[in-house]
Structure formats: C-alpha cells, structure tokens
Amino acid sequence: MLRLALPLAALVLSFATATATATPSAADPVVKGAEHCVVNVRADDRLNLRAEPVAGAAIRDRLAYGSCGVMVTAACEGSWCPVEDGHHAGWVHRHYIAALPEAEFCFTAAANRDGRSLRAWPSEKSRVLAEFPNTQCGIRPLPYAVEDWQKVRVEGWEGWLSRPALAHTGD
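First residue of the sequence shown? That's 44 in my numbering, and the numbers climb one at a time after it.
Right, here's the structure in full:
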C-alpha cells in the first residue's frame, strides 16, 4: 500500500469546510447502498424521517445531527431519498444527508502522540477517547470538519483527530 502525504483539506473539501462549526460544504452526493450521515441540521434539532416523500408526511423517527449509519436503499425521487437507519425505514430530504467518502488515511510520519489521540470534541482540551500507534491506517473521514480537526471513524471509534496528523492512502 502506497502512502501519499497529500493535504487532507484538499481531499475532503467536498465533504467539509474549515469553519468555526462542523459544517459540510455540500450534502451531495447521495449514493444508493452507501452509508450516510446527517448534515445541515442544527445541533439542537433533528432530521425528520418521514413515512412518505413529502414534507407533510407522518414522522417515523427523528435523526440527530452527526449520526451516521443511514443507508439509502433505492434511487431518490426528486429531493427525497428512501433510507433505513437500522431501526426505521422512511424518507429524508437529500439536503440533510451526506455519503461517507471512500478515502482512508494513515498517520503521517511526523504525527506526535497528541496528534494520534482520538478526542471526543474538536479541541486539544477535549477528553481522549483512544490513542493509536503511529502506524495506524484505516482511518475513515466522516463528513464533518472544524478548523484543523476532522471527525473520523477508526477501529469502531468515532471522534476527532488533528488534520495535520493525517495522510491519504492510495494505491
């Protein structure tokens, strides 16, 4: 496996922007059969999972901002996509979901111990959820970024890593 030290910001530009709040730049693309995360919803609000592909349809569930595991089960009908979240099936507006990127990352050779600490929130003062070795690969970015922090999934954990500590892996 060849490891390329490409700027992480360029690779996830279509999924997140470096702003003061975790904000994806675009919710599309929506990918049938792929895992998606809830985006473009205020942190104190929820995305309505509806019984039919219309805004006035009954609400089956309410999905929290930042939650992942939403699977698009068939082709979208206009702006509405059929989804399942592991508990309920229904419809969500495509503006509020984003597919997980296929990219994987490893730590750069220069990543120090603090850079390899998975944090609960995008801050060096945040609680450390897990620490990984400097040889760790298989780090999957989620569609959220805050300044120099990227939300990721690695070995079953979800949390925040320092973007400068990450390098894209390629073939």
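Don't be surprised by glycine CBs; every beta carbon is placed ideally from N, CA and C. Keep in mind that this is a model prediction, so the values were computed, not measured.
Based on Cα-Cα distance, which residue from the options lies nearest to residue i?
i           : options       : result
residue 121 : 198, 134, 89  : 134
residue 190 : 207, 198, 211 : 207
residue 100 : 198, 91, 106  : 91
Can you tell me whether residue i is buried or exposed, with buried defined as 16 or more other CB within 10 angstroms of its CB?
i           : result
residue 188 : buried
residue 155 : exposed
residue 202 : buried
residue 152 : exposed
residue 163 : exposed
residue 128 : buried
Does the Cβ-Cβ distance between residue i and residue j come in under 7 Å?
i           : j           : result
residue 149 : residue 180 : yes
residue 192 : residue 161 : no
residue 72  : residue 142 : yes
residue 174 : residue 159 : yes
residue 107 : residue 89  : yes
residue 105 : residue 131 : no
residue 186 : residue 195 : no
Strictly by DSSP, which residues pair up with residue i?
i           : result
residue 116 : Answer by DSSP bridge pairing: none, since residue 116 is not bridged.
residue 133 : 126
* To do: Could you say if the segment 111-118 and the segment 72-87 meet the contact criterion of at least three C-beta pairs nearer than 8 Å?
  => yes
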